[in-house]
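The number in the numbering used here is simply the position in the sequence shown, starting from 1, with 48 added.
For glycine and all other residues, C-beta sits at the position ideal for the given N, C-alpha and C.
Bear in mind the structure is a predicted one, so any value in this text is a computation, not a measurement.
First the structure, in the form of structure tokens, and then the observations on it.
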Amino acid sequence: MVIYGATGDLTKRKLLPALANLAREGLLSQQFAIVGFAFDQMNTQTFREKLTEDVKELSSETFDTALWQWFLERIYYIQGDFSDNAAYQRLKEQIAAADKSHGTQGNLFHYLAVAPKFFSPIVGKLGEAGLTQESNGRWVRVIVEKPFGHDLESAIQLNRDLKEILSERQIYRIDHYLGKETVQNVLVFRFANPIIEPLWNRTYIDHVQITAAETVGVEHRGAFYETAGALRDMVPNHLFQLLTLTAMEPPISFEADAVRDKQAEILHAIQVLTPEEVLQNTVRGQYGEGLINGERVNAYRNEPNVSPTSNTETFVALKLKIDNWRWGDVPFYLRTGKSLCHRVTEIAIRFRRTPFTLFRRSPIRDPRTNQLVIHIQPDEGISLRFGAKIPGSVMKLGLVNMDFDYARDFGTSHSTGYERLLYDCMIGDATLFQRADMVEAAWSVIQPVIDVWKALPARGFPNYAAGSWGPLEADDLLERDGRAWRDILAEETGAKCPVATSPAVTAAKAT
Ligand code: BG6
């Protein structure tokens with residue numbers, strides 16, 4: 049495994065812990081070695097020391113000396129500039145030496161844990177150095193981190209660049225959401241349980257809500273975020289994974305292309321918004337200052353490396369329609385944002401209501417009782433809500449849940465979410481990685497939104513207070529259709545979001 053940008057955070061926080069977990073599970077080959085390649089002035093010795101400190105810092109209680117010793121003996125470092133041919137020659141020699149010492153049989157995967165501007169140049173150099181060639185049954189694969197392009201055109205160009213050197217089956221475009229157990233479980237839930245499929249369509253489902261809410265702001269990533277924004281950062285990748293897994297037709301097998309064909313079909317079936325529809329069916333927001341968990345937090349414009357007049361969105365809500373027989377007229381509402389009231393990612397399926405006649409004379413107001421929530425994080429599980437009669441001499445309806453809780457039913461795990469993805473790459477299973485056509489199809493859906501938003505820069509930012517559920521317009525998006533976002537905090541904990549409307553909103557309206 050060659051890690052580009054090996055001195056960065058990803059190696060420390062995700063890759064090494066994930067490799068250690070794989071080794072513990074007996075899923076890492078004994079014939080394994082890691083070569084780190086980065087610009088920082090280090091050598092193998094100092095790199096090993098740095099990683100030892102990192103690992104100890106992150107796993108002080110669970111530190112496994114014997115296992116770490118095994119890793120240390122197979123970790124190497126090459127210092128170099130990603131544009132320097134000589135560095136790739138040194139890298140090539142180091143790979144050959146590691147191959148010999150650890151018997152890796154010429155099999156190789158390159159992990160690009162670098163800024164996106166380096167993806168094409170690095171792969172180009174690897175091609176020139178002969179480090180992408182597969183021969184005599186040896187495999188070479190390349191894992192590319194997100195973001196994969198920043199719009200449709202750049203994604204197409206990046207695909208073109210990579211495919212000049214690599215074949216599609218060598219390219220593993222990672223989306224870490226697909227490493228989450230709960231995300232993978234959407235497929236199992238839908239296709240291993242025969243009672244679900246008959247309900248999973250427009251006859252029974254009223255609409256779907258997908259939420260990925262974060263309480264953190266942009267933290268130290270202001271410079272990157274200014275060029276991205278919530279739409280690019282979360283929607284064509286993470287939220288569309290959740291959407292396609294929820295909406296796809298059953299594949300004929302769990303083979304990579306069988307699954308990905310069905311996901312791609314959904315992406316192609318999403319109705320592309322006209323400029324007029326972009327204005328009606330999308331909402332953008334940016335957080336002003338506010339209160340999260342009792343603490344005052346900064347407005348986005350006051351975050352480090354963010355312009356004080358920034359118009360970058362930190363919140364987005366969208367209404368999308370999937371134009372096929374299963375989902376015709378079933379809207380999919382998506383929302384994601386930073387500095388929101390509650391950290392939660394979930395898919396909520398709202399079922400249609402029963403005919404009302406039966407309950408007309410009772411105090412029951414809204415018999416839209418059934419709701420299935422797939423809790424992606426942090427409280428992983430699935431719950432199904434239904435109506436029940438509250439004991440008593442008048443007909444009163446209560447709402448109750450049947451719950452599946454991962455931690456309670458299966459125990460907790462220390463998974464980083466990268467284990468399965470690394471393992472799959474090593475065994476050559478690309479099911480959980482993005483194919484070129486999927487990435488391009490996802491950007492095609494988003495591109496009209498990018499265009500309209502660019503042509504009409506947001507006015508009145510900031511428009512939601514940190515610690516709220518986002519701008520009021522996001523509520524209007526559903527209210528217009530006679531619907532409402534699930535009040536997640538209230539339904540899960542009984543608490544109300546303490547921040548309703550922000551001073552920023554009031555100020556923006558006053559001007
Ligand atoms: C990343 C985004 O891809 O996903 C971040 O760039 C976001 O902005 C993160 O915070 C969310 O991932 P998770 O696993 O914490 O939900």
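A residue is called buried when at least 16 other Cβ atoms come within 10 angstroms of its Cβ; G151 does not meet this threshold and is exposed. The beta carbon of G175 lies closer than 6 Å to those of I213 in the same chain, with the five residues before and after it left out. The beta carbon of Y225 sits closer than 6 Å to the beta carbons of V231, H286, Q289 from its chain, once the five residues preceding and following it are set aside; these are given in chain order. Counting only unbroken stretches of 3 or more residues, the beta strand (DSSP E) elements lying wholly within the region 123-192 are 123-127, 156-160, 188-192, in sequence order. A direct Cα-to-Cα measurement between D472 and F167 gives close to 21 Å.
Selection F458, Y512, S431 evaluated against N449 yields S431 as nearest (Cα-Cα).
Checking the 7 Å criterion, the Cβ of D427 is out of range of every heavy atom belonging to the ligand BG6. The beta strand (DSSP E) runs of length 3 or more contained entirely in the region 435-484 are, from start to end of the chain, 445-453. Burial is judged here by how many other beta carbons sit within 10 angstroms of a residue's own beta carbon; H255 has at least 16 and is buried. Residue burial is scored here from C-beta neighbours: R433 has at least 16 other C-beta atoms within 10 angstroms and is therefore classed as buried.
Counting only residues of its own chain and dropping the five nearest sequence neighbours on each side, A260 has a CB closer than 7 Å to the CB of M282, H286, L287, T384, T393. Assignment of alpha helix (DSSP H) within the region 301-346, counting only whole runs of 4 or more residues, yields 304-317, 323-329 in chain order. Put simply, the backbone Cα of N350 is about 24 Å away from that of A522. Within the same chain, and ignoring the five residues on either side of A506 in sequence, the residues whose Cβ sits closer than 8 Å to its Cβ are R332, Q334, N359, E361. When distances are taken from the beta-carbon of D88 to the heavy atoms of the ligand BG6, even the shortest one reaches 7 Å or more. The residues Y125, in chain order, have a CB closer than 8 Å to that of T94 in the same chain once the five nearest residues on each side in sequence are set aside. Residue environment analysis places R456 among the exposed positions, since fewer than 16 neighbouring C-beta atoms fall within 10 angstroms of its C-beta. In this structure, the CA atom of W533 is about 10 Å from the CA atom of L382. Taking non-hydrogen atoms of the ligand BG6 into account, the C-beta of D199 is found less than 7 Å away from none of them.
Judged by pairs of C-beta atoms under 8 Å, the region 72-86 touches the region 122-140, as three or more such pairs exist. D57 has its Cβ no nearer than 7 Å to any heavy atom of the ligand BG6.
Shown here, R383 sits in a strand according to DSSP, grouped into three states.
The beta carbons of I494 and L279 sit closer together than 8 Å. One alpha carbon belongs to A71, the other to R374, and they sit about 43 Å apart. Using a cutoff of 7 Å, the CB of D281 counts as near the ligand BG6, since one of the ligand's heavy atoms is closer than that.
DSSP places T263 in the coil class of the three-state scheme, outside both helix and strand.
Annotated three-state conformation of D499 is helix, per DSSP. Under the three-state reduction of DSSP output, Q78 falls in the coil class, being neither helix nor strand. Distances between the C-beta of H224 and the heavy atoms of the ligand BG6 include at least one below 7 Å. Boundaries for Q419: no alpha helix (DSSP H) harbours it, while the beta strand (DSSP E) harbouring it runs 419-425, taken from the DSSP string.
Of all alpha-carbon atoms in S108, G435, R344, the one lying nearest the alpha-carbon of G265 is that of R344. Of the candidates V547, D529, W517, G530, W517 places its Cα closest to the Cα of I536.
Straight-line spacing of the CA atoms in M296 and R308 works out to 9 Å. Residue burial is scored here from C-beta neighbours: A144 has fewer than 16 other C-beta atoms within 10 angstroms and is therefore classed as exposed. Beta-bridge partners assigned by DSSP to V50: V83, H158.
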